[in-house]
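S.K.: My questions will all concern the structure given below.
There are 2 protein chains.
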Amino acid sequence: MSKTLLYTWRMNEQNHIKIFTERDIGEQLRELGITPTQQRVQIAEILFARPQHLSADQILAVVNSNGPIASKATIYNTLGLFARKGLVREVIVDPNKVFYDSNTSEHHHFYNLDTGDLTDIVAQDVMITSLPELPGNTQPAGIDIIFRIRENDSE
Amino acid sequence: MSKTLLYTWRMNEQNHIKIFTERDIGEQLRELGITPTQQRVQIAEILFARPQHLSADQILAVVNSNGPIASKATIYNTLGLFARKGLVREVIVDPNKVFYDSNTSEHHHFYNLDTGDLTDIVAQDVMITSLPELPGNTQPAGIDIIFRIRENDSE
DNA sequence: CAGAGTTTTAGACAAAGTCTATTTGTCCAC
DNA sequence: GTGGACAAATAGACTTTGTCTAAAACTCTG
Ligand SMILES: [Mn+2]
Ligand SMILES: [Mn+2]
Ligand SMILES: [Zn+2]
Ligand SMILES: [Zn+2]
Chain A
-3 MSKTLLYTWR
7 MNEQNHIKIF
17 TERDIGEQLR
27 ELGITPTQQR
37 VQIAEILFAR
47 PQHLSADQIL
57 AVVNSNGPIA
67 SKATIYNTLG
77 LFARKGLVRE
87 VIVDPNKVFY
97 DSNTSEHHHF
107 YNLDTGDLTD
117 IVAQDVMITS
127 LPELPGNTQP
137 AGIDIIFRIR
147 ENDSE
Chain B
-3 MSKTLLYTWR
7 MNEQNHIKIF
17 TERDIGEQLR
27 ELGITPTQQR
37 VQIAEILFAR
47 PQHLSADQIL
57 AVVNSNGPIA
67 SKATIYNTLG
77 LFARKGLVRE
87 VIVDPNKVFY
97 DSNTSEHHHF
107 YNLDTGDLTD
117 IVAQDVMITS
127 LPELPGNTQP
137 AGIDIIFRIR
147 ENDSE
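Top line first, the protein sequences correspond to chains A and B.
Sequence positions in the first sequence follow the numbering used here and run -3 to 151.
Sequence positions in the second sequence follow the numbering used here and run -3 to 151.
Spelled out as structure tokens, the structure:
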């Protein structure tokens, strides 16, 4: 009944990069070919403090909470750069904003439509045993599984 | 190894509504408690001509291609109404726009990052055999599975 | 066919994100 | 260290998608 798996969607092998300790964020960025400017280091510190999902707006607010450090353009440039380098994952679940996920290990999401909460599901808790055939001349680039949930109408 | 399924994500039982034939779109809308205005009927005719994924902008362009019939506000109002009534499904795969899917049967999507093509995958071609436990006090509202793909770099 | 409620509309507005031209910072050679 | 080439950051204009508002146009029922 279950199809043969013609390809795998396990993409993120870069996850080893992310055990940033306070001191060597700069070095780690440099190893990825990213010049560690003040702005990039600050954004990285916020983002990689723990696995979390932040919007560009939230990062802008946090990074500038004690005086101006980075402009909006720099936030977007940096998040785009980090995404291309595999340091963060863009999560598209809300039509209004992109979330930047500091957890790049293979995982999925619950998205609470009532609260806006986005929470991780470890990959092992979701098992796909049958995969569709890829359209001609294409290759896998990633899989997103989003379990949309709602609060119980506790009446 | 596979968990017991504590709940089901099979949500869309409304799919019987959608065999719209040219003539009785109005009646069918009325049965759903939707007053069949000229604008709503035109939008429905476009959307339900076949299973497809259209953005609000595309629908606006098509509906007004031979003279002005509906305003931008009406397009958004109508799509929102149709979504609430279960006539269309909102598909969130692109950070720039929502797609309105006239296919409300249970299915998933390929999203081609290079071309922007969004194509359907019948539910039976993707089999999930293990489900995560729901966060406390929440209920399932829908599942989205998106296989992001890219064109083969045919060198 | 009146009038109450519903729907549509133009255009103002908002939010997220991009772009541009200029300034500032970084890096390396000397 | 200093000059200069290149990279990065910045303010703010701009774009796109979508929402809101208040007035006008419809629809439906009595
Ligand atoms: Mn939006
Ligand atoms: Mn956008
Ligand atoms: Zn996550
Ligand atoms: Zn679809």
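Heads up, the beta-carbon is just placed ideally off N, CA and C, and yes, glycines get one too.
The structure presented is a predicted model; accordingly, all values stated were derived computationally and were not measured.
(1) Run through the DSSP bridge pairs and tell me what A/Gly138 is partnered with.
(2) Classify A/Gln38 as buried or exposed, calling it buried when 16 or more other Cβ atoms lie within 10 Å of its own Cβ.
(3) Buried or exposed for B/Ala57, please, with buried defined as at least 16 other CB atoms from any protein chain shown within 10 angstroms of its CB.
(4) By Cβ distance below 6 Å, which residues in the same chain neighbour A/Gln48 in space, the five residues on each side in sequence not counted?
(5) Residues in its own chain within less than 7 Å of A/Met35 by CB, not counting five upstream and five downstream?
(6) Does the beta-carbon of A/Pro91, which I'm using as the reference point, lie nearer than 7 Å to any heavy atom of ligand 6?
(7) Run the CB neighbour count on B/Arg6, radius 10 Å, all protein chains shown included, and call it buried at 16 or more, exposed below.
(8) Against B/Leu127, what residues of chain A qualify as contacts under a CB-to-CB distance less than 9 Å, listed in chain order?
(9) At a CB-CB cut-off below 9 Å, which residues of chain A make contact with B/Leu56?
(10) Tell me whether the beta-carbon of A/Phe143 lies closer than 8 Å to the beta-carbon of B/Pro32.
(11) Just mark A/Pro128 as buried or exposed, buried being the case when its beta carbon has 16 or more other beta carbons within 10 Å.
(12) Kindly confirm or deny that the segment 75 to 95 of chain B and the segment 120 to 134 of chain B touch, where touching means at least three C-beta pairs closer than 8 Å.
(13) With 8 Å set as the bound, which would you pick, yes or no: does the beta-carbon of B/Glu147 sit closer than that to a beta-carbon of chain A?
(14) Can you pull the chain A residues whose beta carbon is under 9 Å from the beta carbon of B/Phe106, in chain order?
(15) Using DSSP bridges, identify the partner residues of A/Ser126.
M.R.: Inspection of the coordinates gives the following:
(1) B/Arg144
(2) buried
(3) exposed
(4) Ser98
(5) In the sequence as displayed, the identity of residue 35 of chain A is Gln instead of Met. So the qualifying residues of the chain are Ile65, Ala66, Thr70, Thr74.
(6) The ligand content of the structure shown is limited to ligand 1, ligand 2, ligand 3 and ligand 4, which means ligand 6 is not among them.
(7) At B/Arg6 the pLDDT is 49, less than 50, meaning the model places this residue with poor confidence; the figure from the coordinates comes in the next sentence. Its Cβ having fewer than 16 others within 10 Å, B/Arg6 is exposed.
(8) Asp121, Val122, Met123, Phe143
(9) Going along chain A, no residue has its Cβ under 9 Å from B/Leu56, so there is no contact; the nearest lies around 17 Å.
(10) no
(11) buried
(12) no
(13) yes
(14) Pro128, Leu130, Pro131, Thr134
(15) B/Met123
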